[in-house]
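Participant: Numbering (my numbering), first residue to last: 129 to 253.
1. What are the boundary residues of the beta strand (DSSP E) that includes residue 244?
2. Does the count of Cβ pairs from the segment 243–251 and the segment 205–217 closer than 8 Å reach three?
3. Is residue 224 helix, strand or coil when you go by DSSP?
4. Taking Cβ positions, are residue 132 and residue 154 nearer each other than 8 Å?
5. According to the neighbour-count rule (16 or more other Cβ atoms, all chains shown, within 10 Å of its Cβ), is residue 182 buried or exposed?
6. Would you report the Cα separation of residue 199 and residue 233, rounded to the nearest angstrom?
7. Under three-state DSSP, which class holds residue 176?
8. Let me confirm a value: residue 202 is counted as buried when at least 16 other C-beta atoms fall within 10 Å, else exposed. Which label applies?
9. Using CA atoms only, rank isn't needed, just tell me which of 239, 136, 249 and 129 is closest to residue 164.
10. Give me, in chain order, the residues of the same chain whose beta-carbon lies closer than 7 Å to that of residue 254; leave out the 5 immediate sequence neighbours on both sides.
In structure tokens, the structure reads:
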């Protein structure tokens, strides 16, 4: 199994890797709005936090020869389900039909005080 890496995404904040690939399927760890330069959370509005999450995901995908069209499944973790519509609106600017399969889960808390975390599974065409 190949370890997937990216020099443009934040370093792991625990004992895990960015992603692993097995038989052409790439399993990526969840991304929160960490800034690679500071390894601190992106400060600002919920929209800015969500866009930082998508920027991190875009970097990890591109640095491994993939893009959003390769994404098969996403899991969205939200601290507050009241943020669901705003996440959906921004999500729809990155993914086009046919959309990936998706789950959205409400959680009590996320690392570093994040409000949103998204993990993806992508496949090589």
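Where is the CB? At the ideal position from N, CA and C, for every residue including glycine.
On a predicted model such as this, the values are computed, not experimentally measured, just so you know.
Facilitator: On the basis of the data shown:
1. 244–251
2. yes
3. coil
4. yes
5. buried
6. 18 Å
7. helix
8. buried
9. 136
10. Summary: the structure shown does not reach residue 254, with the chain confined to residues 129 through 253, and so no result is reported for it.
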